[in-house]
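Trainee:
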Amino acid sequence: MTTSTGINISAIERDLAELWREEAAGDEEQRAVTRARVLTLIIYDEKSASSANLEDTIYAVTEMHPARVLVLSVEPTSTESSVEAVVTAACRVAGQRSKQLSCEQVNFTALGSGADELPSAVAQLLAPDVPVFLWWRAAPDLDNYVFNHLIKMADRVLFDSTVSSTPREGFVRLAQVLASGVDFPALTDFAWQRLTPWRELIASFYDMPDHRPYLDRVDSLTIEYHPHTEHSDITTRSILLASWLAERLQWTLDADASSHDGNNNRFVFRKNGREIVTTFVPVVREGFQDLLASATLGVSGDDGAQFRVMRNELKQLSSEIWMHGTLHTSRVLAYRSKNEGELLATELSISGHDRLYEAAIRVAGQIGSIKQD
Amino acid sequence: MASSTDNPLREGVRLERTADPCTVVIFGASGDLTKRKLVPALYHLAQNRLLPAEIAVIGVARRETSDEDFRTSMRASVIEFSGGEELDEAVWSSFAAGLYYVSGEFDDPATYARLGAKLAAVEPERGTAGNRVFYLSTAPSAFSLIVDKLGDAKLVQPDGAKWRRVIIEKPIGHSLESAIELNENVSKVLTEDQVYRIDHYLGKETVQNLLAFRFANGIFEPLWNRNYVDNVQVTNAETVGVEGRGSYYEGTGVVRDMIQNHVFQVLSVVAMEPPINLKSDSVRDEKIKVMEAVKAITHDAVPNIAVRGQYGPGHVAGKSVPGYREETGVAPDSPTETFASLKLTFDNWRWAGVPFYIRSGKRCARRITEIAIQFKEAPHRLFGDMVGGTIEQNVLIIRIQPNEGITLRFDAKVPGQTTTIRGVNMDFRYGSSFGARLAEAYERLILDCILGDSTLFARRDMTQRGWEIVTPILDRWAEELPGNEFPNYEAGSWGPKASDDLLARAGHRWRRL
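Top line first, the protein sequences correspond to chains A and B. Following my numbering, the numbering of the first sequence begins with 35 at its first residue and continues without gaps. Following my numbering, the numbering of the second sequence begins with 57 at its first residue and continues without gaps.
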């Protein structure tokens with residue numbers, strides 16, 4: 035490991051080149067050192083409790099995606115203004131006859147307005163020809179100078195909308211950006227990714243041809259959620275799940291018939307004259323904050339049905355189908371909450387826009403626009 | 057089941073592939089393969105949510121046991137054969153609730169009546185939509201019988217949208233005649249698109265990556281022909297002996313056990329022309345086309361293109377091991393070959409004149425399966441005798457096991473004042489470049505079958521072509537028993553000297569592994 039103080043790109047590049055020599059020189063068996071690199075990962079991190087685990091996450095992720103990693107650790111509220119860089123590398127022995135350099139890492143530390151120097155430094159250190167991923171470990175802020183400049187370099191921006199203290203406003207803003215036609219990079223929202231098993235299970239109800247007609251008769255959607263620790267608003271995951279269903283099933287939000295007053299969150303969607311009443315119900319349970327509790331698609335009437343996915347007390351997912359008031363099938367399914375590194379590793383495999391997410395965001399923006407009574 | 061486009065919620069869900077609900081019926085449920093591979097594979101698929109909730113597994117075997125005891129036994133197997141991975145109790149409980157057992161003799165119609173009754177009870181209970189996979193993990197002699205009985209019991213006929221598929225384990229026959237006979241018998245009951253002849257080598261990630269490597273990259277395919285390739289070496293070496301299966305291996309040998317199926321499948325992917333698309337039959341059409349181009353081996357040519365061997369006592373991985381003839385269940389004068397090397401050529405434009413060397417054996421020095429494409433030397437030796445070091449042929453190595461990956465060997469100047477040239481390996485390893493757990497071949501293949509994708513399964517014509525190629529060799533070897541010629545290689549070596557001589561005659565040598 036070597037250190038460069040201030041941002042001296044030539045010194046950083048020299049240090050990166052030195053990594054190869056160090057690895058080769060330190061090997062008594064003189065095994066050839068090769069490098070695998072499939073992407074550049076820029077990580078913007080405002081110092082937080084989870085920063086301590088960042089190195090472990092990078093190690094795990096670069097095992098699957100050999101990468102040049104540029105870590106930007108920023109304290110934006112600092113009254114000082116400075117920036118410095120440190121070069122490190124993780125070299126893994128890939129076999130008896132060779133060593134593979136799978137991660138070369140440059141750590142930048144910036145205080146206060148020193149952060150504004152980061153985008154220009156990053157631009158010079160992007161690995162050629164490979165896609166650029168920006169992992170923004172803070173609430174995305176389109177007015178932030180660094181964010182605005184880094185997204186122009188990125189093919190994909192990864193963030194977690196659950197960190198926002200005003201999620202509905204965030205969706206409104208994001209929906210506006212997407213609707214504006216501005217050339218925006220592909221987006222990955224970890225909140226959306228965490229919904230994948232829920233979406234899978236809900237979708238799987240209707241893989242059975244016998245169940246599919248019920249989709250045209252759904253007249254209620256009830257989403258139970260465990261509120262966030264820092265705000266009592268409907269959680270981002272709840273909004274995203276409802277938005278996805280509404281978009282996929284072509285339900286249109288009736289803003290006039292919808293109400294949102296903190297305890298009574300009733301949104302009305304319509305399709306072909308049918309009313310679909312969507313209710314968000316907070317359920318407080320210690321240790322489950324911000325998680326979804328259940329989602330139920332209901333069809334009323336004598337031949338009605340309910341399709342329900344829920345999280346049990348062990349945080350496993352289970353699904354139930356009720357027909358005519360009787361439990362028809364019930365399953366406990368494999369579900370393990372992914373940690374940050376696993377979420378990231380999965381997303382780095384995906385290129386291109388997630389059109390479904392972007393479509394869901396447009397509906398989420400509409401839900402977010404409903405004024406609180 | 058309808059496709060994802062019929063279910064508006066399916067689009068875009070980031071599930072890798074979505075399988076239909078179905079019942080998997082395993083014949084030979086008390087056997088080793090079921091315990092070691094099949095049920096662990098199904099469990100891992102369920103764990104990774106690659107199977108729908110509406111899945112059931114029915115084991116069929118002679119042994120009397122209950123559903124509950126079968127579940128207990130399979131639980132122990134999954135724990136034992138999951139590579140140290142911890143069992144997810146909740147997933148297991150949910151999965152195990154769909155495990156059932158039917159006991160009976162395979163030739164007894166009553167067995168199939170019981171199986172039919174069990175299916176009738178399980179299918180609505182588990183919501184499997186009437187789709188069925190029958191996995192024949194039994195002795196090969198039972199394949200025809202089971203298919204026949206399934207047909208008689210009307211358990212295997214497609215019924216409207218309910219699909220019925222049969223997976224047949226290797227070996228497909230013991231000779232060309234028996235392979236044709238088995239295929240004929242199966243075709244009396246099943247259509248070809250219902251039959252999935254498993255070859256677990258095709259389920260390995262690197263074999264699948266061969267297609268991507270060859271046809272997704274623009275730089276290799278122009279070199280992939282007689283103009284640039286000097287020779288191709290396929291090595292399939294095991295360190296193990298017959299592992300207590302001596303009586304099975306007797307009369308089988310490495311050509312029947314490995315070469316005519318696994319090695320030829322891999323060879324066909326290396327040598328085939330680009331398919332027009334990745335549909336199952338497009339890929340398999342190209343594979344059979346190139347295997348049809350393998351130059352016919354005449355009776356007289358056998359000594360010049362084929363070498364057989366049998367291991368004697370020796371040392372493998374620091375342990376002394378007995379010779380083949382000392383193994384349990386093996387005759388003291390056994391003529392069975394445990395090693396073979398072949399030189400094949402193709403009569404087509406791409407490969408005319410390029411030898412493809414194949415070697416496969418037991419009790420070799422290392423366990424390794426790889427394909428090495430040896431490129432021709434540079435046309436002009438600019439760096440001739442005047443320089444230090446050695447100039448080596450470029451080699452592209454595709455490793456299938458262990459350490460799946462690709463290596464390119466090229467020459468480079470050693471830094472310094474002198475012009476010394478040295479070979480350098482550039483490695484790409486799945487394990488380190490993409491650290492994801494590689495799915496077991498059986499997981500991939502079972503899932504493919506449920507999905508109705510037969511690309512990685514052997515088609516009837518391919519199984520028969522493999523036998524056609526090796527039959528002259530087997531016939532000649534059967535006529536000329538080796539007698540005292542065997543054993544002719546030491547356990548822990550790379551086969552008999554004649555194997556080296558086979559290449560030396562053409563100015564080639566086996567890669568040092």
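Positions of the beta carbon are idealized from the N, C-alpha and C atoms, including for glycine.
State the DSSP-derived secondary structure class of GLY399 of chain A, mapped to helix, strand or coil.
Mentor: As a position in the first sequence, residue 399 of chain A is number 365, starting the count at 1. If DSSP states are grouped into helix, strand and coil, GLY399 of chain A belongs with the helices.
Trainee: Which residue from A:ALA45, A:GLU109 and A:PHE301 puts its Cα closest to that of GLY402 of chain A?
Mentor: On the first sequence, residue 402 of chain A is found 368 positions in, with the first residue counted as 1. Closest option to GLY402 of chain A, Cα to Cα, is A:PHE301.
Trainee: Which chain B residues sit within Cβ distance under 7 Å of THR363 of chain A?
Mentor: Position 329 of the first sequence holds residue 363 of chain A. Result: GLY183.
Trainee: Assuming VAL319 of chain B contacts SER234 of chain B (C-beta within less than 8 Å), just tell me the rounded distance between them.
Mentor: Locating residue 319 of chain B in the second sequence gives position 263, counting from the first residue. Locating residue 234 of chain B in the second sequence gives position 178, counting from the first residue. At roughly 20 Å, the Cβ-Cβ gap does not stay under 8 Å, so VAL319 of chain B and SER234 of chain B are not in contact.
Trainee: Would you call the stretch 416–434 of chain B in contact with the stretch 526–533 of chain B, where contact means no fewer than 3 C-beta pairs closer than 8 Å?
Mentor: Because the criterion of three Cβ pairs below 8 Å is not met, the stretch 416–434 of chain B and the stretch 526–533 of chain B do not touch.
Trainee: Does any CB atom of chain B fall closer than 9 Å to the CB of ARG389 of chain A?
Mentor: Within the first sequence, numbered from 1, the residue matching residue 389 of chain A stands at position 355. Yes, contact with chain B.
Trainee: Leaving out five residues on either side along the sequence, give the residues of the same chain with a beta carbon under 6 Å from the beta carbon of GLY554 of chain B.
Mentor: For this step, residue 554 of chain B is matched to residue 498 along the second sequence. In the sequence on display, residue 554 of chain B carries Ala and not Gly. Taken in chain order, the residues that qualify are VAL363.
Trainee: Could you tell me the distance, in whole angstroms, from the CA atom of GLU118 of chain A to the CA atom of TYR284 of chain B?
Mentor: Taking the first sequence and counting its residues from 1, the one referred to as residue 118 of chain A is at position 84. Taking the second sequence and counting its residues from 1, the one referred to as residue 284 of chain B is at position 228. For GLU118 of chain A and TYR284 of chain B, the distance between alpha carbons rounds to 51 Å.
Trainee: For SER200 of chain B, is the classification buried or exposed, using 16 other Cβ atoms within 10 angstroms of its Cβ as the cut-off for buried?
Mentor: Position 144 of the second sequence holds residue 200 of chain B. Looking at its Cβ environment, which holds 16 or more other Cβ atoms inside 10 Å, SER200 of chain B is buried.
Trainee: Could you check the C-alpha separation between GLY335 of chain A and ARG308 of chain A for me, to the nearest Å?
Mentor: Numbered from 1 along the first sequence, position 301 holds the residue referred to as residue 335 of chain A. Numbered from 1 along the first sequence, position 274 holds the residue referred to as residue 308 of chain A. Going by the C-alpha atoms only, they are around 14 Å apart.
Trainee: What's the call for THR113 of chain A, buried or exposed, on a 16-neighbour Cβ count within 10 Å?
Mentor: Sequence index remark: in the first sequence, residue 113 of chain A carries index 79 (1-based). Flag for THR113 of chain A reads exposed.
Trainee: Identify which residue in B:ASN281, B:GLY548 and B:ILE477 has its Cα closest to the Cα of GLN430 of chain B.
Mentor: Against the second sequence, residue 430 of chain B aligns to sequence position 374. Ranking B:ASN281, B:GLY548 and B:ILE477 by Cα distance to GLN430 of chain B puts B:ASN281 first.
Trainee: Given that a residue counts as buried once 16 or more other Cβ atoms are within 10 Å of its Cβ, and exposed if not, what is GLN366 of chain B?
Mentor: By 1-based counting over the second sequence, the position of residue 366 of chain B is 310. Label assigned to GLN366 of chain B: buried.
Trainee: For the candidate residues B:SER129, B:GLU124 and B:LYS205, whose alpha-carbon lies nearest to that of PRO165 of chain B?
Mentor: What you label residue 165 of chain B is simply residue 109 of the second sequence in a count that begins at 1. Nearest option by C-alpha distance: B:LYS205.
Trainee: Using a Cβ-Cβ cut-off of 7 Å (strictly less than) and excluding sequence neighbours within five positions of ILE41 of chain A, which residues of its own chain qualify?
Mentor: The residue labelled residue 41 of chain A in the question sits at position 7 within the first sequence. Cβ within range, chain order: VAL117, ALA119, GLU151 and ALA155.
Trainee: Name, in chain order, the residues that DSSP records as bridge partners for LEU104 of chain A.
Mentor: Counted from its first residue, the first sequence places residue 104 of chain A at position 70. Answer is A:ILE76 and A:VAL140, bridged to LEU104 of chain A.
Trainee: Quick one: give me the first and last residue of the beta strand (DSSP E) that MET360 of chain A is part of.
Mentor: Along the first sequence, one-based indexing puts residue 360 of chain A at 326. Sequence inspection shows Thr at residue 360 of chain A; the Met mentioned does not correspond to that position. It spans 360–367 - the beta strand (DSSP E) in which THR360 of chain A sits, taken as one unbroken run.
Trainee: Once the 5 residues before and after VAL105 of chain A are set aside, which same chain residues still bring their CB inside 6 Å of it?
Mentor: In the first sequence, residue 105 of chain A corresponds to position 71, counting from 1. The answer, listed in chain order, is ILE77 and ASN141.
Trainee: Over what stretch of residues does the alpha helix (DSSP H) that includes GLU309 of chain A continue unbroken?
Mentor: The sequence position of residue 309 of chain A within the first sequence is 275, counting from 1. First-last for GLU309 of chain A: 308–316, but that is the beta strand (DSSP E), not the alpha helix (DSSP H).
Trainee: Going by DSSP, which residues form a beta bridge with THR330 of chain A?
Mentor: As a position in the first sequence, residue 330 of chain A is number 296, starting the count at 1. In the DSSP output, where bridge partners are listed per residue, THR330 of chain A has A:THR256 and A:ARG342.
Trainee: Check for me: the beta strand (DSSP E) holding TRP148 of chain B runs from which residue to which?
Mentor: Taking the second sequence and counting its residues from 1, the one referred to as residue 148 of chain B is at position 92. Careful: TRP148 of chain B lies outside any beta strand (DSSP E), inside the alpha helix (DSSP H) at 145–152.
Trainee: Counting pairs of Cβ atoms below 8 Å between the stretch 226–235 of chain A and the stretch 342–355 of chain A, do you hit three or more?
Mentor: As far as the Cβ criterion goes, the stretch 226–235 of chain A touches the stretch 342–355 of chain A, which means the pair count is three or higher.
Trainee: Compute the distance between the beta-carbons of TYR380 of chain B and PRO538 of chain B, then report whether it is under 9 Å.
Mentor: Looking up residue 380 of chain B in the second sequence gives position 324. Looking up residue 538 of chain B in the second sequence gives position 482. Contact flag unset, no.
Trainee: By the three-class DSSP mapping on this structure, what secondary structure does ASP557 of chain B have?
Mentor: What you label residue 557 of chain B is simply residue 501 of the second sequence in a count that begins at 1. The answer is helix: DSSP assigns ASP557 of chain B an H, G or I state.
Trainee: Return yes when the Cβ of GLY399 of chain A is within less than 9 Å of the Cβ of VAL206 of chain A, no when it is not.
Mentor: Locating residue 206 of chain A in the first sequence gives position 172, where the first residue counts as 1. Locating residue 399 of chain A in the first sequence gives position 365, where the first residue counts as 1. In this structure, GLY399 of chain A lies closer than 9 Å to VAL206 of chain A by Cβ.
Trainee: If you scan the stretch 182–223 of chain A from start to end, which runs of the alpha helix (DSSP H) of 4 or more residues do you find wholly inside it?
Mentor: Runs of the alpha helix (DSSP H) inside the stretch 182–223 of chain A: 201–213.
Trainee: Rounded to whole angstroms, what's the CA-CA distance from SER336 of chain B to LEU155 of chain B? Just pull it up for me.
Mentor: Sequence index remark: in the second sequence, residue 336 of chain B carries index 280 (1-based). Sequence index remark: in the second sequence, residue 155 of chain B carries index 99 (1-based). Between SER336 of chain B and LEU155 of chain B, the C-alpha separation is close to 31 Å.
Trainee: Considering only the beta carbon of each residue, do PRO201 of chain A and THR269 of chain A sit closer than 9 Å?
Mentor: The residue labelled residue 201 of chain A in the question sits at position 167 within the first sequence. The residue labelled residue 269 of chain A in the question sits at position 235 within the first sequence. Their beta carbons are under 9 Å apart, which means PRO201 of chain A touches THR269 of chain A by this criterion.
Trainee: Please name the residue in A:GLU392, A:SER383 and A:ARG190 whose C-alpha comes closest to that of PRO100 of chain A.
Mentor: Stepping through the first sequence from its first residue, residue 100 of chain A is reached at position 66. The residue with the shortest Cα to Cα distance from PRO100 of chain A is A:SER383.
Trainee: My assumption, with CB atoms under 8 Å, is that PHE181 of chain A sits in contact with ASP175 of chain A. Please give the rounded CB distance.
Mentor: Position 147 of the first sequence, counted from the start, is the residue given in the question as residue 181 of chain A. Position 141 of the first sequence, counted from the start, is the residue given in the question as residue 175 of chain A. PHE181 of chain A to ASP175 of chain A, Cβ: 6 Å. Contact.
Trainee: What is the DSSP secondary structure of ARG422 of chain B, reduced to helix, strand or coil?
Mentor: In the second sequence, counting from the first residue as 1, residue 422 of chain B sits at position 366. Note: ARG422 of chain B maps to coil in three-state DSSP.
Trainee: Which whole-angstrom value is the C-beta distance of GLU236 of chain A and LEU65 of chain B, which I expect to be below 8 Å?
Mentor: On the first sequence, position 202 is the one that residue 236 of chain A refers to. On the second sequence, position 9 is the one that residue 65 of chain B refers to. Looking at the sequence provided, one finds Ile at residue 236 of chain A rather than Glu. Rounded, the Cβ-Cβ distance is 6 Å, consistent with contact.
Trainee: Using a 10 Å radius around the Cβ and a threshold of 16 neighbouring Cβ atoms, would you call PRO153 of chain A buried or exposed?
Mentor: Walking along the first sequence from the start, residue 153 of chain A turns up at place 119. Looking at its Cβ environment, which holds 16 or more other Cβ atoms inside 10 Å, PRO153 of chain A is buried.
Trainee: Return the chain-ordered ranges of every beta strand (DSSP E) run that is complete within the stretch 176–217 of chain B and spans a minimum of 3 residues.
Mentor: With a minimum length of 3 residues, the continuous beta strand (DSSP E) runs that stay inside the stretch 176–217 of chain B are 188–192.
Trainee: Consider the Cβ of VAL25 of chain B: report whether some Cβ of chain A lies at a distance smaller than 9 Å.
Mentor: In the structure displayed, chain B extends from 57 to 569; residue 25 of chain B sits before or after that span and is not available.
Trainee: Whose Cβ in chain B lies nearer than 7 Å to the Cβ of ILE236 of chain A?
Mentor: Looking up residue 236 of chain A in the first sequence gives position 202. Within 7 Å Cβ-Cβ: LEU65.
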